[in-house]
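A short worksheet on the structure shown next.
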Amino acid sequence: MARGYLNRPELTAARFIASPFVEGDRLYRSGDLGRYLPDGNLEFLGRNDDQVKIRGFRIEPGEIAARLCEHELVGDAVVVARADRAGDQHLVAYVVCGPEAGSDDEDGSGLAGALRAHLGGRLPDYMVPAAFVRLEALPLTANGKLDRQALPAPDDDAYARAAYEAPQGAVETALAGIWQELLGVERVGRNDNFFELGGHSLLAVQLMERLRLLSLGWRCAPCLPGRAASLGSHHEVAVPANLITEHSTAITPQMLPLIELAQPEIDRIVATVPGGVGNIQDIYGLSPLQDGILFHHLLASRGDPYLLVSQMAFATVACWSAILARFSRWWIGTTSCARPLSGRGCRARRRLSGARRPWMCARSSWRAVMVPAPMSSGGGSIHASTASTLAGRR
């Protein structure tokens, strides 16, 4: 029946399974992928051992090839995953067409565009190949199997693209250069689509970083003109000066350019802050993310969902010191950092003064609080607790 199963019971059990049709019979799991048609026939879709995973999605290339063969111009097709210049995997379709398919047209209505549109109505976006390579015939090995090593790399004509029009202006030219580098194509026109040229979410993140380095913003237009227009409208946001100083004795509405509050509202906020005006650096509205953090903070009946406490045990003082040297930390209410105490059973006790729950009207940042806990240096473990919370800067 098949070679390679002698004295391999686990593999045999995985491949030779009990028949659901006839009791006592066994079926051989061949690895072929197919489906039953309404007329009772089986349609071969490919092999299940050709499955690939691209950007988190598990994809059966055979299913894509089967959908390609449904197109009237395609006689045979195969889909493989290839690594692009950046090392990311993307799908490439190789198709064999008859002479009636013609050649790629300059107006963008070529074979690649037609096949992309054909698959777009039948498959999810992540299953549509980035490139379509036309071949006279699929390369085969001496045994009649597909020779994957002989499949050529896609060129610029393999991507669905409109008629070429050179980029206009400095912004479009800069964008085209970035696209060429990220997508690995020789030429990018102003009417080309980033995603139809093989772009995806991971490359979009790299594109955003390149634009950030050029001090340009980002908008979701997939073609050069729309994206260049959004970048051209980018401008720096002027941040108003902080009018609350350490010498301020009162806060008025004119001192809060980022929020509109009446004087009674400001006075109520000041009254709830320990230390009053001297302990307020600024007052402004929360961002949506901060609003959610405050909601969970107020909703919690016990503890604080944003106060994370963990306890670690160290075999030696050297390990403890190495951890302290590796991470940033703040020591609250202590004159120096905590140190292991000599002597078995000796306990380190130190009150943490100034640590309080966060006040959301103050500017906030993430801080780590190192809390001394029971320690010993001889014959035992050294323990330390760490806590992180969203605390005000003051």
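Mapping of the sequence shown onto numbering that gives the first Met the number 0: residues 0 to 393, in sequence order.
No residue lacks a Cβ here, since even glycine has one placed at the ideal position from N, Cα and C.
query: Is the beta carbon of Leu67 sitting closer than 8 Å to the one on Gly97?
result: Translated into positions along the sequence shown, residue 67 becomes position 68. Translated into positions along the sequence shown, residue 97 becomes position 98. Their beta carbons are not under 8 Å apart, which means Leu67 does not touch Gly97 by this criterion.
- prompt: Do you know whose CA, among Ile265, Leu32, Ala116, Val78, lies nearest Ile250's CA?
  reply: For this step, residue 250 is matched to residue 251 along the sequence shown. Put simply, of Ile265, Leu32, Ala116, Val78 the residue whose alpha carbon is nearest the alpha carbon of Ile250 is Ile265.
query: Is the segment 125-145 in contact with the segment 164-173, if contact means three or more CB pairs nearer than 8 Å?
result: In this structure the segment 125-145 does not lie against the segment 164-173, because fewer than three pairs of beta carbons, one per stretch, are closer than 8 Å.
- prompt: Buried or exposed: Asp154, going by 16 or more other Cβ atoms within 10 Å of its Cβ?
  reply: Translated into positions along the sequence shown, residue 154 becomes position 155. Per the 10 Å Cβ criterion, exposed.
query: Alpha carbon to alpha carbon, what distance is there between Asp281 and Asp49?
result: Residue 49 sits at position 50 when you count from the first residue of the sequence shown. Residue 281 sits at position 282 when you count from the first residue of the sequence shown. Cα to Cα, the separation comes out at about 59 Å.
Whole-angstrom distance between Leu288 and Gly74, CA atom to CA atom: Mapped onto the sequence shown, residue 74 falls at position 75. Mapped onto the sequence shown, residue 288 falls at position 289. Near 53 Å, if we compare the C-alpha coordinates of Leu288 and Gly74.
field: Alpha-carbon spacing of Lys52 relative to Ile58, whole angstroms
entry: On the sequence shown, position 53 is the one that residue 52 refers to. On the sequence shown, position 59 is the one that residue 58 refers to. Rounded to the nearest angstrom, the gap between the Cα atoms of Lys52 and Ile58 is 6 Å.
message: One question on the structure: do Glu42 and Gly33 come within less than 8 Å of each other, judged by their Cβ atoms?
response: Against the sequence shown, residue 42 aligns to sequence position 43. Against the sequence shown, residue 33 aligns to sequence position 34. Yes; because the gap between Cβ atoms is below 8 Å, this pair is in contact.
task: Note down the Cα distance separating Arg81 from Leu122, rounded to an integer number of angstroms.
output: Looking up residue 81 in the sequence shown gives position 82. Looking up residue 122 in the sequence shown gives position 123. Spanning the alpha carbons of Arg81 and Leu122 requires a straight line of approximately 20 Å.
query: For Gly344, which residues from the same chain have a beta carbon less than 6 Å from its beta carbon, with the 5 sequence-adjacent residues on both sides left out?
result: In the sequence shown, the residue the question calls residue 344 occupies position 345. With a pLDDT of 38 at Gly344, under the threshold of 50, the modelled position of this residue cannot be trusted, and the question is left open.
- request: Could you tell me the distance, in whole angstroms, from the CA atom of Glu259 to the CA atom of Tyr283?
  value: The residue you call residue 259 lines up with position 260 of the sequence shown. The residue you call residue 283 lines up with position 284 of the sequence shown. Rounded to the nearest angstrom, the two C-alpha atoms are 9 Å apart.
task: Select from Leu306, Asp156, Tyr93, Ser300 the residue whose C-alpha is nearest the C-alpha of Ala76.
output: Here residue 76 is taken as the residue at index 77 of the sequence shown, counted from 1. The residue with the shortest Cα to Cα distance from Ala76 is Tyr93.
message: Are the CB atoms of Val91 and Pro128 within a distance shorter than 8 Å?
response: Your numbering for residue 128 matches position 129 in the sequence shown. Your numbering for residue 91 matches position 92 in the sequence shown. Taking 8 Å as the Cβ cut-off, Pro128 and Val91 qualify as a contacting pair.
query: In three-state terms, what does DSSP make of Cys96?
result: As a first step, residue 96 is located in the sequence shown; it is residue number 97 there, counting from the start. If DSSP states are grouped into helix, strand and coil, Cys96 belongs with the strands.
query: Any idea which residues DSSP pairs Tyr163 with across the strands?
result: Counting from one through the sequence shown, the residue named residue 163 turns up at place 164. Its beta-bridge partners do not exist; DSSP assigns none.
- prompt: What do you reckon, are the CB atoms on Arg14 and Tyr35 nearer than 8 Å?
  reply: Locating residue 14 in the sequence shown gives position 15, where the first residue counts as 1. Locating residue 35 in the sequence shown gives position 36, where the first residue counts as 1. With respect to Tyr35, Arg14 sits apart: the two C-beta atoms are not nearer than 8 Å.
- prompt: Ends of the alpha helix (DSSP H) at Ala169?
  reply: Numbered from its first residue, the sequence shown carries residue 169 at position 170. It spans 168-182 - the alpha helix (DSSP H) in which Ala169 sits, taken as one unbroken run.
- request: Quick one: residues in its chain with C-beta nearer than 6 Å to the C-beta of Tyr163, no 5 flanking neighbours on either side, listed in chain order?
  value: Counting from 1 along the sequence shown, the entry for residue 163 is found at position 164. Gly188, listed in sequence order.
task: Would you decide whether Asp106 is buried or exposed? Buried here means 16 or more other CB atoms lie within 10 Å of its CB.
output: For the purposes of this step, residue 106 is taken as residue 107 along the sequence shown, with counting starting at 1. Reliability of the predicted coordinates at Asp106 is poor, the pLDDT of 40 falling under 50, and the value obtained from them is presented with this limitation in mind. So Asp106 counts as exposed.
Local conformation of Phe194 per DSSP, three classes: The count along the sequence shown starts at 1 and reaches residue 194 at position 195. In the structure shown, Phe194 sits in coil (DSSP, three-state: anything other than H, G, I, E or B).
message: Would Arg54 and Leu201 be called neighbours here (beta carbons separated by less than 8 Å)?
response: The residue given as residue 54 occupies position 55 in the sequence shown. The residue given as residue 201 occupies position 202 in the sequence shown. Taking 8 Å as the Cβ cut-off, Arg54 and Leu201 qualify as a contacting pair.
message: Quick check on this structure: which residue in Ser214, Val79, Leu181 has the alpha carbon closest to the alpha carbon of Pro60?
response: Taking the first residue of the sequence shown as 1, we reach residue 60 at position 61. In terms of CA proximity to Pro60, Val79 leads the group Ser214, Val79, Leu181.
message: Checking the sheet assignment: what are the DSSP bridge partners for Ser18?
response: On the sequence shown, residue 18 is found 19 positions in, with the first residue counted as 1. In the DSSP output, where bridge partners are listed per residue, Ser18 has none listed.
task: Would you give the residue range spanned by the alpha helix (DSSP H) that Leu212 belongs to?
output: On the sequence shown, position 213 is the one that residue 212 refers to. Per DSSP, Leu212 is one residue of the alpha helix (DSSP H) stretching across 200-212.
- prompt: If you draw a straight line from the C-alpha of Ile268 to the C-alpha of Pro304, how long is it?
  reply: Here the question's residue 268 lines up with position 269 in the sequence shown. Here the question's residue 304 lines up with position 305 in the sequence shown. Here the C-alpha atom of Ile268 lies approximately 24 Å from the C-alpha atom of Pro304.
field: Residue range of the unbroken alpha helix (DSSP H) whose run includes Leu114
entry: Position 115 of the sequence shown, counted from the start, is the residue given in the question as residue 114. Unbroken alpha helix (DSSP H) run through Leu114: 110-119.
query: Relative to the C-alpha of Thr244, which residue among Gly277, Ala12, Gln253 is closest?
result: On the sequence shown, residue 244 is found 245 positions in, with the first residue counted as 1. Among Gly277, Ala12, Gln253, the Cα nearest to that of Thr244 belongs to Gly277.
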